[in-house]
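Student: The following block contains the structure, expressed as structure tokens.
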Amino acid sequence: MADEFPFEISPMFEGERVRKEGMFVELGGPKSLGLELVRAKPMDEIEDDKVTVVGPDLKEMEEGKTYPWAMIFNIGGELIEADLESVIERRIHDFINYCQGIMHLNQRYDVWMRISKDTAAKMDSFEPFGKAVMMLFKTELPFIEKMQVTFYTDQAEVEKKMTEAKEIFKVRDARTKNLHDEDVDVFYGCTLCQAFAPTNVCVVSPDRVSLCGAINWFDGRAAAKVDPEGPQFAIEKGDLLDANTGEYSGVNDIAVKLSSGEFSKIKLHSFFDSPHTSCGCFEVVGFYIPEVDGIGWVSREYQGMAPNGLGFSSMAGQTGGGKQIVGFLGIGVSYFYSPKFIQADGGWNRVVWLPAMLKEKIAETIPADIIDKIATENDATDIDSLKAFLQEKNHPVVASWAAAEEEEEEEEEEEAEEVAVAAAPMMMPAAGFQMPAMASMPMMPAGGKAGGVKITFKKAKITIEKMTIREKKE
Amino acid sequence: MTKVIAITGKGGTGKTAVAALLIRSLSKKGKFLLAVDADADTNLPETLGCENVKTIGDAKEYLQAEITKPRPDNPDMNKESVLKSKVYEIIEEMPGYDLLVMGRPEGSGCYCYVNNLLRGIMDKLITNYDVVIIDAEAGLEHFSRKIIRDIDDLIVVTDASRRGFRTAERIHELVDELDSNIGQIHVIANKVTDANREKLVKLAEDLKLNMIGMIPLDPKIEEMDIKGIPLFEISDDSIAAVEIESIVQKLGF
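Top to bottom, those sequences are chains A and B.
Position one of the first sequence corresponds to residue 370 (my numbering), numbered consecutively onward.
Position one of the second sequence corresponds to residue 28 (my numbering), numbered consecutively onward.
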């Protein structure tokens with residue numbers, strides 16, 4: 370294929386930098402307009418392999434100058450549909466950079482290209498360049514049956530195309546934002562955090578961004594396609610075991626594998642039962658407040674204390690390390706926008722506290738009927754004031770209090786709730802140290818005195834930094 | 028193959044001056060090189076006569092802010108190509124060489140993903156050059172993050188002070204802990220005078236450090252510094268420039 374084109378083509382040229390000194394012309398970039406767009410078109414509207422240049426062609430350009438640039442690829446084929454446009458468009462960056470002496474950077478309406486003097490000397494027109502890029506597309510993505518490209522270098526034309534394209538991108542973005550877990554067959558995993566959290570299993574789905582907030586489902590898809598052996602990889606979601614908690618057989622399988630058998634289940638939209646593991650670099654940590662049976666959230670930026678008497682860093686220390694800590698959950702901020710946000714455990718109706726800054730930032734996603742019932746540090750700084758606030762506002766969790774009280778009286782001598790134990794603030798260690806989880810603990814002997822309290826722990830995780838037990842002196 | 032040389036040492040020993048002199052010598056020899064300022068206290072651009080302000084740190088912050096927006100405008104953004112574009116934009120094109128400034132340390136969020144993208148970009152960028160010269164702080168932070176993975180020659184610059192040598196020793200230990208691919212470690216003694224020459228040689232021997240050169244205290248450098256003339260413009264016959272030539276030879280050029 371090297372003979373067919375005036376310049377060499379190889380992935381080897383991918384990082385090639387065309388310097389100002391060695392550049393013939395610059396197209397788009399920080400000083401001008403640069404656009405790229407892929408459109409799915411009916412087969413009969415595409416003239417296969419055709420390159421059109423609107424405006425000055427390469428040989429008519431002046432050395433050292435910057436020109437506006439737009440390239441619009443039309444693609445067709447039996448399997449081609451509009452949803453594929455963005456996937457294919459992402460590859461433009463790769464394929465153009467395979468061309469020797471042609472540098473391509475950025476994307477969409479920020480495209481920046483440079484053509485080297487050496488490469489410009491080998492051709493008069495952009496035509497061989499266009500043909501080379503289309504050849505690469507059709508070789509690597511054979512479902513593209515027909516392809517044609519138009520390059521625009523005329524300022525007015527580029528401006529016109531830019532306006533049209535921005536509308537197209539807007540429609541496309543609206544569509545991507547509407548993608549949900551049930552619409553796809555594949556989720557993505559990421560192992561970047563395993564360097565410091567070896568059992569961490571990060572699962573990224575359309576309705577659940579990575580804990581760091583940096584990787585969404587689309588990033589996973591792009592990265593896994595380019596380097597399937599890299600830190601982001603595909604997870605076949607398998608069978609849906611429980612839609613409410615977000616349990617999938619494929620996710621459970623990967624949980625076992627990535628945690629080396631430590632966890633057998635991960636439920637994507639659950640807070641209490643087999644929650645997602647928490648790496649340590651999550652943007653926000655959620656914490657159960659047993660006294661009000663609600664969940665509070667604190668973000669990395671919040672410097673103060675949450676009503677449970679802990680700040681972000683001490684809770685992060687407790688939660689991090691790639692563990693499933695029942696009673697705590699690390700998330701990325703975007704997860705608040707998920708329609709499946711902790712839906713297994715009441716979703717927004719369970720949220721009782723947020724730092725004011727965070728609440729303001731995400732206000733648009735909080736349901737209108739609950740937003741005023743969620744306290745911030747301005748309303749509640751400890752459990753008592755939080756309780757009073759929730760009661761006054763008649764937060765949905767309040768309804769569960771009365772029921773719980775009745776139950777408690779009946780079951781006082783029975784089992785303590787596992788969750789309550791894990792999340793009780795007094796049990797918090799200073800560092801992230803954690804004892805192995807035990808299936809059950811032997812019952813404590815009730816002691817000599819009658820009327821003593823019997824405590825049974827089931828599936829409890831207890832961490833104690835220091836504990837002193839001494840006989841009461843009377 | 029690109030040769031990667033990192034220069035480090037205690038602050039005030041003149042490591043940035045040594046880096047600038049090496050860049051000057053190698054680019055005069057026609058080597059196409061990338062100069063990297065990896066010290067948070069950015070001095071190299073000025074020493075090279077460049078008023079560069081944009082840094083990789085800025086590019087990282089830009090991308091981090093963009094992608095951690097609660098509701099990104101474009102969830103399907105090609106983050107790799109966007110970051111690469113920012114990095115390529117930041118590169119300062121100097122006559123005969125490129126300059127890249129790492130800049131400020133990262134903010135409090137998680138940069139694993141952005142750093143991973145940056146690693147891939149740097150791997151490919153480096154292959155454009157014959158030589159990469161990195162002015163690195165003593166803590167070698169960028170190496171521990173593996174933003175730049177492999178170093179062929181690590182040069183520790185020290186003056187005659189005991190603390191300068193201590194730092195050299197500590198860097199030695201640090202390198203072992205880093206488990207980076209570092210080829211050879213050398214020491215350059217800087218600001219050498221007749222009075223301290225013997226002491227320096229002995230110190231290096233005691234600590235089993237491989238001394239690759241001794242740059243005499245050059246009054247011209249001090250003079251240029253006071254006048255604010257970039258060190259890059261030093262004359263070939265200055266005593267420091269002459270010694271650098273012999274060091275460059277020992278490094279295999």
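The C-beta atom is built at its ideal place from N, Cα and C for all residues, glycine as well.
Just the C-alpha distance for residue 800(A) and residue 44(B), rounded to the nearest angstrom, thanks.
Tutor: Confidence in residue 800(A) is poor, its pLDDT being 40 and thus under 50, which makes the residue's placement too unreliable to answer from.
Student: Could you tell me which chain B residues have their CB closer than 7 Å to the CB of residue 587(A), listed as they occur along the chain?
Tutor: The contacting residues are 102, 103.
Student: At a CB-CB cut-off below 9 Å, which residues of chain A make contact with residue 270(B)?
Tutor: Near residue 270(B) there are no residues of chain A at all, since even the closest Cβ is about 31 Å away, more than 9 Å.
Student: Taking the beta carbon of residue 747(A) as the centre, do at least 16 other beta carbons fall within 10 Å, making it buried, or is it exposed?
Tutor: It counts as exposed.
Student: Going by C-alpha distance, which of 639(A), 558(A), 599(A), 707(A) is nearest residue 735(A)?
Tutor: Ranking 639(A), 558(A), 599(A), 707(A) by Cα distance to residue 735(A) puts 707(A) first.
Student: Just to confirm, is the Cβ distance from residue 186(B) to residue 217(B) under 8 Å?
Tutor: Yes.
Student: Please confirm whether residue 488(A) and residue 499(A) have their CB atoms less than 8 Å apart.
Tutor: No, these two residues do not count as a Cβ contact at 8 Å.
Student: For residue 601(A) versus residue 104(B), is the C-beta distance shorter than 8 Å?
Tutor: Going by C-beta atoms, residue 601(A) is not nearer than 8 Å to residue 104(B).
Student: With a cut-off of 8 Å on the beta carbons, I'd call residue 701(A) and residue 574(A) a contact; round off their distance for me.
Tutor: The Cβ separation is near 12 Å, so there is no contact.
Student: Is the beta carbon of residue 153(B) less than 8 Å from the beta carbon of residue 178(B)?
Tutor: Against a cut-off of 8 Å, the Cβ pair of residue 178(B) and residue 153(B) comes out as no contact.
Student: Under a CB-based cut-off of 8 Å, is residue 137(B) close to chain A?
Tutor: Yes, because at least one Cβ of chain A sits closer than 8 Å to the Cβ of residue 137(B).
Student: Across the region 664-679 of chain A and the region 153-168 of chain B, are there enough close Cβ pairs to call them in contact, namely three or more that are closer than 8 Å?
Tutor: The answer is no - the region 153-168 of chain B does not touch the region 664-679 of chain A, with fewer than three Cβ pairs under 8 Å.
Student: Look at residue 110(B) and residue 144(B) and say whether their C-beta atoms are less than 8 Å apart.
Tutor: Yes, these two residues count as a Cβ contact at 8 Å.
Student: Taking Cβ positions, are residue 599(A) and residue 622(A) nearer each other than 8 Å?
Tutor: Not a contact, by the Cβ cut-off of 8 Å.
Student: From which residue to which residue does the alpha helix (DSSP H) around residue 269(B) run?
Tutor: 266-277 is the span of the alpha helix (DSSP H), which, as asked, contains residue 269(B).
Student: Beta-carbon separation of residue 160(B) and residue 129(B) under 8 Å?
Tutor: No, these two residues do not count as a Cβ contact at 8 Å.
Student: According to DSSP, simplified to helix, strand and coil, what is residue 397(A)?
Tutor: Three-state DSSP puts residue 397(A) in a strand.
Student: Taking the alpha carbon of residue 373(A) as the point to measure from, which residue in 659(A), 627(A), 492(A) has its own alpha carbon closest?
Tutor: Checked all of 659(A), 627(A), 492(A); the closest Cα to residue 373(A) is 492(A).
Student: Whole angstroms are fine: how far does the CA of residue 420(A) sit from the CA of residue 67(B)?
Tutor: In a straight line, the C-alpha of residue 67(B) is about 48 Å away from that of residue 420(A).
Student: Report yes if the C-beta distance between residue 692(A) and residue 643(A) is below 8 Å; otherwise report no.
Tutor: No, the Cβ-Cβ distance between residue 692(A) and residue 643(A) is not below 8 Å.
Student: Residues of the region 692-714 of chain A with a CB closer than 9 Å to any CB of chain B: list them in chain order, please.
Tutor: Under the 9 Å Cβ criterion, the region 692-714 of chain A contributes 701, 702, 703, 705, 706.
Student: Considering Cα atoms alone, identify which of 722(A), 653(A), 705(A) is closest to residue 24(B).
Tutor: Here chain B covers residues 28 to 280 and nothing more, so residue 24(B) does not appear.
Student: With a 10 Å radius around its C-beta and 16 neighbouring C-beta atoms as the bar for buried, classify residue 764(A) as buried or exposed.
Tutor: Looking at its Cβ environment, which holds 16 or more other Cβ atoms inside 10 Å, residue 764(A) is buried.
Student: According to the Cβ coordinates, are residue 485(A) and residue 392(A) closer than 8 Å?
Tutor: Cβ atoms of residue 485(A) and residue 392(A): closer than 8 Å.
Student: Leaving aside the five residues before and after residue 275(B) along the sequence, list all residues of the same chain whose C-beta is less than 6 Å from its C-beta, in chain order.
Tutor: For residue 275(B), where only same-chain residues beyond five positions count, the Cβ hits under 6 Å are 52.
Student: How would you label residue 742(A), buried or exposed, when you count the other beta carbons within 10 angstroms and need 16 or more for buried?
Tutor: It is buried - the Cβ of residue 742(A) has at least 16 other Cβ atoms within 10 Å.
Student: Taking 8 Å as the threshold, find out whether the region 421-428 of chain A comes into contact with the region 440-448 of chain A through three or more Cβ pairs.
Tutor: In short, these stretches do not touch, since the Cβ pair count stays below three.
Student: Can you list, in chain order, the residues of its chain with a C-beta nearer than 8 Å to that of residue 219(B)? Leave out the 5 residues immediately preceding and following it.
Tutor: So the list reads 187, 227, 241, 242, 243, 244, once near-sequence residues are dropped.
Student: Identify every run of the beta strand (DSSP E) within the region 385-457 of chain A, keeping only runs that are complete inside it and at least 3 residues long; order them along the chain.
Tutor: List check, beta strand (DSSP E) in window: 392-397, 403-409, 420-423, 438-445.
Student: If we cut at 8 Å on Cβ distances, does residue 275(B) have a partner in chain A?
Tutor: No, because no Cβ of chain A sits closer than 8 Å to the Cβ of residue 275(B).
Student: When the cut-off is 8 Å and only beta carbons count, does residue 863(A) lie next to chain B?
Tutor: Because chain A in this structure spans residues 370 to 843, residue 863(A) falls outside the shown range and cannot be described.
Student: Nearest to residue 618(A) by alpha carbon, out of 637(A), 631(A), 468(A)?
Tutor: The candidate whose alpha carbon is nearest that of residue 618(A) is 637(A).
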